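S.K.: To convert, note that position 632 of the sequence shown is 632 in the UniProt record's numbering; the numbers rise steadily by one, no gaps. Please find one structure pasted underneath; my questions will follow.
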Amino acid sequence: MSLIYLFSILIIIMVLLAITFANDKMSRYAGHIAIIAPIISTIYFIWQLPQVLHGHFLNINIPWLSTIDINLAFRLDGLSIFFSIIISVIGLAVFFYATQYLSKQHDNLPRFYIYLILFMLSMLGIVTANNTIILYVFWELTSVSSFLLISYWYDNKDSQFGAIQSFVITVLGGLALLIAFIMIYTITGTNTITEIIAHSDQIAQSPLFLAIVVLMLIGAFTKSAQFPFHVWLPKAMAAPTPVSAYLHSATMVKAGIFLLFRFTLLLGLSQFYIYAVTFVGLITMIFGALNAVRQYDLKGILAYSTISQLGMIMSMVGLGGGIAGHTKGELTEIYAMILFAALFHLSNHALFKGALFMGVGIIDHETGTRDIRMLSGMRKVLPITHIVMLLSALSMAGMPLLNGFLSKEMFFDGLVNAHQLKGFSSVLTIIIVAIGVVASIFTMIYSMFMIKKVFWGKYEETHLPKKNIHEPVLFTLPSMIMMILLPIIFFVPNIVGEHLILPALRSITIGEKIDEIAPHISQWHGINLPLIFSILVIIVGLTAALKVDWTKIAGKYKLISLSNLYNDSYKQFESYSGYSIRNLMNNRLNQYINMTLLIFTLVVIYSIIQIGFPKVHQIHVSEFGPLEVITVIVVFVLGVALIFIRQRLTMVILNGIVGYCVTIFFILMKAPDLALTQLVVETITTILFIVSFSRLPNVPRGKVHKKRELFKIIVSLIMAATVVTLVFIVQQGKSISSISTYYHNAYKLTGGKNIVNSILGDFRAFDTLFEGVVLIIVGLGIYTLLNFRDRRGQDERE
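What follows is the structure, given as structure tokens:
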């Protein structure tokens with residue numbers, strides 16, 4: 001089955017869900033219909049996995065706008081199938097979880113699941129796209145679907161604000177990404193990603209390369225919530241918990257990381273990219289960890305922990321990016337190990353963070369609160385959730401016997417060996433190791449402090465909004481399955497490593513003998529620095545988490561809040577843009593016309609600067625006689641007269657005479673077809689104007705505003721000079737072939753003896769058709785407005 005078929009099935013399921021809107025009984029089963037989508041997606045990608053393992057990649061290329069190389073191109077290789085399986089499997093768990101979380105009586109289930117499937121489709125489109133423009137389209141679709149999901153409870157102000165903020169930040173990042181893709185196209189002449197990677201050296205030598213790197217990093221950082229663009233992620237936690245578990249921990253926030261993985265062989269050629277991604281990732285990691293300790297809301301803790309974990313993965317992507325410039329030697333093995341660790345921790349993070357979010361959702365759903373100051377002793381009433389969140393938190397903190405420990409060890413190993421990489425001195429290595437260790441200590445602190453405050457201690461039901469707490473088995477089932485995988489992966493990690501991570505690494509490092517240098521995941525590496533750091537993190541972190549009340553410390557010390565800065569900037573921008581638009585769009589037709597004419601004049605002036613002012617003595621002037629001169633004089637006199645006349649009927653008649661003079665010009669220029677068309681059109685319009693305006697009063701002659709009238713005259717003269725100049729330029733444009741040559745074979749191509757009819761009926765058939773459609777739409781609009789006025793009066797009378 002092709003990827004196109006899979007996408008079609010997902011769209012069909014969305015249509016089926018839309019049908020259930022009209023039936024309340026059917027809408028209750030929207031979740032059961034929607035879950036078919038991740039089931040089919042999971043089966044499809046697992047079915048495709050053996051072929052990818054043997055190097056048989058699926059390539060689809062459906063021509064679309066081939067002239068500018070925008071085609072429906074998709075590619076299923078190791079990297080794309082790695083992300084696709086994560087998206088599908090986590091999606092399956094989240095869809096099932098949502099059926100238990102959402103209320104069948106109070107929530108609009110079809111709308112929710114349509115948005116969720118749209119998001120899953122968009123993410124699958126990103127990771128499988130082999131065309132930059134198609135990737136960008138799906139990239140923005142994730143922002144749109146994320147906006148819809150975050151604002152699902154649209155009557156909640158926090159949901160509204162979180163949706164708008166996330167949408168603005170991620171869309172602006174997407175626009176930066178689009179500009180980078182356009183720059184790449186101007187250099188290579190292709191939008192196909194595999195061809196772009198093949199031309200990496202050519203792009204790296206371009207003066208636009210640094211700008212491309214910066215713009216792509218903006219796109220990746222905004223989507224993956226990296227400092228200082230991270231502020232949207234905590235605000236997005238106003239969304240339903242299934243949305244948080246899916247979009248903002250397992251999938252959407254990984255899109256930026258996927259982008260950097262996909263273009264590693266290009267972007268890694270820039271040392272600036274390696275430094276920027278590494279240090280932005282580390283700063284994000286420690287900033288997120290410090291802020292997580294300060295939160296009272298469980299989802300707030302997980303939001304900042306997600307930011308921290310994404311920063312950790314991003315720093316590994318930056319360190320491993322140097323593989324683009326190294327194809328041989330020991331450095332390649334170190335780079336491969338770091339990239340392998342990044343992929344490994346990415347998959348681990350999807351599991352333990354998804355389980356944590358689901359656990360928080362259960363707590364919120366059953367107790368009515370997520371405030372850790374109100375929660376205590378929950379292990380007595382939510383024992384399964386306690387075990388799920390405990391093991392998931394320990395995995396996130398890097399505790400032995402869980403999968404997070406293995407990837408955390410590989411992370412420390414990468415930091416320790418950074419001094420061997422190009423551009424990283426011993427001093428820089430000490431700095432990044434210190435940041436990584438301190439951030440990991442705080443990861444252990446907020447992970448265990450969260451568990452201690454919520455599940456341990458004395459159970460007090462009086463503080464909870466809801467009483468009679470229970471723990472449905474089906475509600476906990478998805479998180480239980482994800483939790484069980486955490487120790488399993490620790491003991492058999494190379495099943496994941498060989499079947500998912502290694503194929504993805506092969507796709508990132510094209511041309512490398514990656515199988516020979518890829519790391520073999522091992523639980524024991526002997527006593528070394530990474531192990532010492534892990535022990536230090538565990539001892540210090542556990543001690544600080546269990547012995548210190550971080551809720552009191554959090555209230556005393558405040559970190560710099562970039563969220564307020566973003567909010568103030570957004571409000572000022574909104575106020576300024578509103579003021580500017582109100583001044584610009586002021587319902588004054590004269591101002592609109594003046595602006596349009598002046599902009600057109602600037603365009604002509606720019607063209608004159610580019611090609612030079614026309615040489616007047618070389619301009620061809622057609623022969624003219626007394627009749628042409630008289631006609632020109634008549635047109636000029638009538639044009640001046642129209643300025644001063646205020647009687648509507650006289651204005652219409654004089655305007656019609658000007659049109660008939662133009663007909664005379666066409667006759668004198670031996671263009672009878674155009675003359676006939678002009679004559680018919682002018683006659684009909686004149687009659688219509690007379691019939692319409694004869695019923696309206698004359699225009700009152702008010703007091704003349706000299707400055708305003710002078711400005712109109714100046715604009716008119718500028719426009720007249722501009723049009724004449726443009727005609728001169730066109731006459732001298734010998735480098736541009738005449739369009740008339742295209743119609744030389746009109747009779748042979750269309751069978752029409754009249755060239756004008758052939759142009760309108762054949763060459764411009766669609767244009768003519770849509771002109772008619774536009775007229776019909778305008779007519780229907782006018783008819784509707786007239787009837788609306790009648791109905792409104794009738795309703796008022798009733």
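Just so it is clear, CB atoms sit at the ideal spot from N, CA and C, and this is done for glycine as well. Keep in mind that this is a model prediction, so the values were computed, not measured.
1) Does the beta-carbon distance from threonine 192 to aspartate 69 come in below 8 Å?
2) Which residue's Cα is closest to the Cα of residue 838: Leu485, Ile39, Val94?
3) From isoleucine 203 to phenylalanine 263, what does the alpha carbon distance come to, in whole angstroms?
4) Cα separation between isoleucine 605 and isoleucine 593?
5) Do leucine 10 and leucine 58 count as a contact pair if the criterion is CB distance below 8 Å?
6) Taking the C-alpha atoms as reference points, what is the distance between valine 548 and leucine 266?
7) So, helix, strand or coil for phenylalanine 666, using DSSP?
8) Going straight from the alpha carbon of glycine 268 to that of valine 214, what length do you get?
9) Within 8 Å of any Cβ in chain C, is that where the Cβ of isoleucine 313 sits?
10) Since asparagine 131 sits in a beta bridge, which residues does DSSP pair it with?
11) Among Thr284, Lys458, Ser166, Ala18, whose alpha-carbon lies nearest the alpha-carbon of serine 376?
12) For lysine 235, count the other beta carbons within 10 Å of its own beta carbon; 16 or more makes it buried, fewer makes it exposed. Which is it?
13) Report all residues from its chain with a CB closer than 8 Å to the CB of glutamate 796; omit the five preceding and five following residues, and keep chain order.
14) Based on Cα-Cα distance, which residue from Tyr273, Ala211, Gln610, Ser395 lies nearest to glycine 423?
15) Using only the alpha-carbon positions, how far apart do tyrosine 446 and asparagine 291 sit?
16) What are the residues that DSSP puts in a beta bridge with isoleucine 60?
17) Return the CA-CA distance between alanine 34 and isoleucine 114, expressed in angstroms with no decimal places.
18) Based on the DSSP secondary-structure assignment, which residues constitute the bridge partners of leucine 65?
19) Between valine 723 and leucine 177, what straight-line distance do the alpha-carbon atoms span, to the nearest angstrom?
20) Is it buried or exposed for serine 103, if we count other Cβ within 10 angstroms and need 16 for buried?
21) Of all the options Gly497, Ala418, Ser166, which has the alpha carbon lying nearest to the alpha carbon of histidine 345?
22) Decide yes or no for the touch test of the stretch 249-258 against the stretch 394-406: beta carbon pairs closer than 8 Å, at least 3 of them.
23) Relative to the alpha-carbon of serine 622, which residue among Val680, Phe728, Lys571, Tyr570 has its alpha-carbon at the smallest distance?
24) Rounded to whole angstroms, how far is the Cβ of glycine 318 from the Cβ of valine 277, which I believe are closer than 8 Å?
25) Using a threshold of 8 Å, state whether the C-beta atoms of leucine 149 and alanine 239 are closer than that.
26) With H, G and I counted as helix, E and B as strand and the rest as coil, what does DSSP make of aspartate 673?
27) How many Å lie between tryptophan 550 and methionine 450 at the Cα?
28) Going by DSSP in three states, aspartate 364 sits in which element: helix, strand or coil?
29) Within the chosen definition, does the stretch 355-375 reach the stretch 473-487 through at least 3 CB pairs nearer than 8 Å?
30) With a threshold of 8 Å on Cβ separation, who are the neighbours of leucine 696 within its own chain once the five nearest residues in sequence on each side are excluded?
31) On a CA-only basis, which of Phe74, Leu259, Phe600 is nearest glycine 173? Give me that one, please.
32) Helix, strand or coil for aspartate 549, going by three-state DSSP, please let me know.
33) Work out the CA separation of threonine 443 and glycine 288 for me, nearest whole Å.
34) Just confirm the distance between the C-beta atoms of aspartate 371 and threonine 241, as a whole number of angstroms; I'd bet it's less than 8 Å.
35) Quick check: histidine 463 and methionine 374, are their CB atoms within less than 8 Å of each other?
36) Kindly list the residues whose CB is nearer than 6 Å to the CB of proline 110, restricted to its own chain and excluding five residues on each side of it in sequence; keep chain order.
M.R.: In short:
1) Position 192 of the sequence shown, counted from the start, is the residue given in the question as residue 192. Position 69 of the sequence shown, counted from the start, is the residue given in the question as residue 69. Taking 8 Å as the Cβ cut-off, threonine 192 and aspartate 69 qualify as a contacting pair.
2) Absent from the structure is residue 838, since the part of the chain shown begins at 1 and ends at 798.
3) Counted from its first residue, the sequence shown places residue 203 at position 203. Counted from its first residue, the sequence shown places residue 263 at position 263. Distance between the alpha carbons of isoleucine 203 and phenylalanine 263: 12 Å.
4) Position 605 of the sequence shown, counted from the start, is the residue given in the question as residue 605. Position 593 of the sequence shown, counted from the start, is the residue given in the question as residue 593. Isoleucine 605 and isoleucine 593: Cα-Cα distance of roughly 18 Å.
5) Indexing the sequence shown from 1 puts residue 58 at position 58. Indexing the sequence shown from 1 puts residue 10 at position 10. Not a contact, by the Cβ cut-off of 8 Å.
6) If you number the sequence shown from 1, residue 548 lands on position 548. If you number the sequence shown from 1, residue 266 lands on position 266. Valine 548 and leucine 266: Cα-Cα distance of roughly 47 Å.
7) Residue mapping note: residue 666 aligns to position 666 of the sequence shown, counting from 1. If DSSP states are grouped into helix, strand and coil, phenylalanine 666 belongs with the helices.
8) On the sequence shown, residue 268 is found 268 positions in, with the first residue counted as 1. On the sequence shown, residue 214 is found 214 positions in, with the first residue counted as 1. It is roughly 12 Å from the alpha-carbon of glycine 268 to the alpha-carbon of valine 214.
9) The structure shown contains no chain C; it holds only a single protein chain.
10) As a position in the sequence shown, residue 131 is number 131, starting the count at 1. Looking at the DSSP assignment, asparagine 131 forms a beta bridge with Thr192.
11) For the purposes of this step, residue 376 is taken as residue 376 along the sequence shown, with counting starting at 1. For serine 376, the nearest C-alpha among the options comes from Lys458.
12) Mapped onto the sequence shown, residue 235 falls at position 235. That one is buried.
13) Here residue 796 corresponds to residue number 796 of the sequence shown, with the count starting at 1. A caution first: glutamate 796 carries a pLDDT of 47, below 50, which makes its placement in the model too unreliable to give a value.
14) Mapped onto the sequence shown, residue 423 falls at position 423. Answer by Cα proximity: Tyr273.
15) As a first step, residue 446 must be located in the sequence shown, where it is residue number 446. As a first step, residue 291 must be located in the sequence shown, where it is residue number 291. Between tyrosine 446 and asparagine 291, the C-alpha separation is close to 9 Å.
16) Looking up residue 60 in the sequence shown gives position 60. DSSP, once it has assigned bridges, lists Phe74 as partnering isoleucine 60.
17) Translated into positions along the sequence shown, residue 34 becomes position 34. Translated into positions along the sequence shown, residue 114 becomes position 114. Distance between the alpha carbons of alanine 34 and isoleucine 114 is about 8 Å.
18) Counting from 1 along the sequence shown, the entry for residue 65 is found at position 65. Paired residue(s): Ile70.
19) Start at 1 with the first residue of the sequence shown, and residue 723 comes out as number 723. Start at 1 with the first residue of the sequence shown, and residue 177 comes out as number 177. In a straight line, the C-alpha of valine 723 is about 39 Å away from that of leucine 177.
20) Within the sequence shown, numbered from 1, the residue matching residue 103 stands at position 103. Serine 103 comes out exposed.
21) Translated into the one-based positions of the sequence shown, residue 345 becomes position 345. With distances taken between Cα atoms, histidine 345 lies closest to Gly497.
22) no
23) Numbered from its first residue, the sequence shown carries residue 622 at position 622. For the residues Val680, Phe728, Lys571, Tyr570, the minimum Cα distance to serine 622 belongs to Phe728.
24) Translated into positions along the sequence shown, residue 318 becomes position 318. Translated into positions along the sequence shown, residue 277 becomes position 277. Indeed, because the Cβ distance is near 3 Å, the residues count as touching under 8 Å.
25) As a working note, residue 149 is residue 149 in the sequence shown. As a working note, residue 239 is residue 239 in the sequence shown. Yes. Within cutoff.
26) Here the question's residue 673 lines up with position 673 in the sequence shown. Looking at aspartate 673 - three-state DSSP - the assignment turns out to be helix.
27) To locate residue 550, count along the sequence shown from 1; it is residue 550. To locate residue 450, count along the sequence shown from 1; it is residue 450. Cα-Cα distance, rounded: 10 Å.
28) Position 364 of the sequence shown, counted from the first residue, corresponds to residue 364. Helix.
29) yes
30) Looking up residue 696 in the sequence shown gives position 696. Within the same chain, Cβ atoms closer than 8 Å to the Cβ of leucine 696 are found at Arg648, the five residues on either side in sequence being excluded.
31) The residue given as residue 173 occupies position 173 in the sequence shown. For glycine 173, the nearest C-alpha among the options comes from Leu259.
32) Within the sequence shown, numbered from 1, the residue matching residue 549 stands at position 549. Of the three classes helix, strand and coil, the one that applies to aspartate 549 here is coil, per DSSP.
33) If you number the sequence shown from 1, residue 288 lands on position 288. If you number the sequence shown from 1, residue 443 lands on position 443. For glycine 288 and threonine 443, the distance between alpha carbons rounds to 9 Å.
34) Translated into positions along the sequence shown, residue 371 becomes position 371. Translated into positions along the sequence shown, residue 241 becomes position 241. Rounded, the Cβ-Cβ distance is 15 Å, inconsistent with contact.
35) Taking the sequence shown and counting its residues from 1, the one referred to as residue 463 is at position 463. Taking the sequence shown and counting its residues from 1, the one referred to as residue 374 is at position 374. Cβ distance < 8 Å, so histidine 463 and methionine 374 count as in contact.
36) Translated into the one-based positions of the sequence shown, residue 110 becomes position 110. Excluding sequence neighbours, proline 110 sits near Leu17, Thr20, Phe21, Ser27, Ala30.
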